[in-house]
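In this note's numbering, the protein residues as written are 134 to 479.
C-beta: ideal position from N, C-alpha, C; glycine also.
Small disclaimer: the values here were computed from a predicted structure and weren't measured.
To start, the structure itself, in structure tokens.
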RNA sequence: UGGGAUGUCGCCAAGUGGUAAGGCAUCGGCUUUUGGUGCCGACAUUCGGGGGUUCGAAUCCCUCCAUCCCAG
């Protein structure tokens with residue numbers, strides 16, 4: 134009997150082709166739409182209904198069973214609340230990493246297995262080999278950064294058919310197969326929520342309290358903002374402060390509700406040579422102390438750093454300083470194209 | 001009240017007789033399954049107000065207004 138694979142179909146090209154390829158490879162494929170978020174937000178209609186329709190349409194086209202898993206409550210609690218709490222604490226979280234950890238590769242996997250699946254699959258650009266996570270063939274689209282919090286056990290039951298292809302090929306293959314979503318634009322923004330600015334999203338859940346924008350060097354008040362919560366390290370836009378050179382956020386005080394800015398691109402707090410990570414997660418066994426490739430943000434080139442353990446945290450000493458590494462963001466470690474795991478910036 | 005200086009797009013700032021640079025901000029777009037960064041494009045018929053000289057002025061003259069500094 135063929136292996137039964139539940140494919141997470143978001144209604145985009147990638148997951149559509151994923152399902153198609155698995156069928157061609159002989160798997161018994163079931164399409165699943167994860168209903169995680171349905172709320173409209175100001176200035177943006179939540180795309181869930183359209184996405185669901187697209188996913189279903191492709192499933193019909195492919196002649197596979199199609200299901201909808203409703204994870205709205207869990208998504209709200211595990212991802213959105215986490216995100217809001219982090220921002221309230223003055224940090225800058227990455228909700229999509231949490232979404233993968235808690236929803237796609239935990240809840241979805243468990244639910245699928247209970248429903249009779251042998252494995253799950255998604256349209257992520259990444260590769261799994263023997264339970265280890267490896268970067269995608271298309272280095273430009275590689276999404277392992279978002280997957281570093283997934284467990285090796287989950288990966289052992291996961292397929293990423295797109296990991297061996299480049300995005301243009303994926304589009305081409307989707308077109309060749311006449312998939313309904315072949316020409317659909319790539320999605321952006323918070324996963325499932327849609328293309329909405331973090332500011333617009335957050336402002337739905339937190340109070341807007343005006344505060345001062347202060348020049349770090351002179352201490353002068355240069356402007357006002359609607360809440361320090363909306364600003365993050367390294368940020369340039371949205372300050373509404375003009376005057377010759379661009380200003381960048383170099384810090385904030387959540388208690389005083391103050392945002393500190395500077396025109397000095399070399400400001401110490403804008404660059405990190407040493408990064409400490411807590412909430413460390415390894416996909417399999419933790420690596421030994423030594424030098425590894427790390428990635429400080431999605432799509433950033435890999436850079437060298439030395440890993441050292443210190444109690445519950447790890448300390449990375451970077452070969453070259455990285456810019457705007459905000460607390461709450463993730464740093465992911467690699468060893469020869471293998472994604473080892475990572476942690477959250479303290 | 002004397003003496004000096006300055007007033008050009010929201011901000012910084014070129015331009016001293018030839019018909020308004022540039023930067024920042026802002027807005028729009030691109031890149032991106034997080035934040036952020038970056039890239040591209042748009043953005044003053046008008047130069048504090050009013051007169052005058054001139055073929056022609058933001059640039060010269062007169063005057064008024066405003067601001068700043070030094071005196072007192």
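Inter-residue Cα distance where the pair is residue i and residue j
| i | j | result |
| --- | --- | --- |
| residue 290 | residue 251 | 7 angstroms |
| residue 472 | residue 415 | 9 angstroms |
| residue 337 | residue 173 | 11 angstroms |
| residue 343 | residue 405 | 29 angstroms |
| residue 141 | residue 401 | 43 angstroms |
| residue 160 | residue 293 | 13 angstroms |
| residue 151 | residue 270 | 15 angstroms |
| residue 443 | residue 237 | 31 angstroms |
| residue 410 | residue 448 | 6 angstroms |
| residue 346 | residue 240 | 42 angstroms |
| residue 190 | residue 231 | 29 angstroms |
| residue 282 | residue 212 | 13 angstroms |
| residue 452 | residue 392 | 29 angstroms |
| residue 135 | residue 339 | 49 angstroms |
| residue 187 | residue 295 | 19 angstroms |
| residue 467 | residue 302 | 26 angstroms |
Reduced DSSP category for residue i - H, G, I as helix; E, B as strand; rest coil
| i | result |
| --- | --- |
| residue 438 | strand |
| residue 199 | strand |
| residue 449 | strand |
| residue 405 | strand |
| residue 165 | strand |
| residue 181 | helix |
| residue 296 | helix |
| residue 411 | strand |
| residue 230 | helix |
| residue 304 | helix |
| residue 207 | helix |
| residue 350 | coil |
| residue 430 | coil |
| residue 339 | coil |
Buried versus exposed, by CB contacts within 10 Å (16 or more), residue i
| i | result |
| --- | --- |
| residue 351 | exposed |
| residue 496 | In the structure as shown, the chain starts at 134 and stops at 479, and residue 496 therefore has no counterpart that could be examined. |
| residue 193 | exposed |
| residue 149 | buried |
| residue 276 | buried |
| residue 434 | exposed |
| residue 354 | exposed |
| residue 437 | exposed |
| residue 370 | exposed |
| residue 423 | exposed |
| residue 224 | buried |
Closest by C-alpha distance to residue i, when choosing among the options
| i | options | result |
| --- | --- | --- |
| residue 162 | 153, 397, 455 and 169 | 153 |
| residue 286 | 234, 298 and 270 | 234 |
| residue 319 | 140, 137 and 144 | 144 |
| residue 454 | 429, 346 and 349 | 429 |
| residue 332 | 310, 315, 301 and 365 | 365 |
| residue 199 | 335, 166 and 349 | 166 |
| residue 184 | 417, 317, 435 and 464 | 317 |
| residue 387 | 363, 288, 326 and 377 | 363 |
| residue 179 | 326, 367 and 305 | 326 |
| residue 553 | 257, 217, 288 and 224 | Since the displayed the chain opens at 134 and closes at 479, residue 553 lies outside it and no answer follows. |
| residue 273 | 257, 264, 261 and 263 | 257 |
| residue 310 | 477, 247, 146 and 139 | 146 |
| residue 263 | 284, 390 and 459 | 284 |
| residue 216 | 378, 266, 474 and 334 | 334 |
Sheet register partners of residue i (DSSP bridge)
| i | result |
| --- | --- |
| residue 358 | 344 |
| residue 270 | DSSP, once it has assigned bridges, lists no residue as partnering residue 270. |
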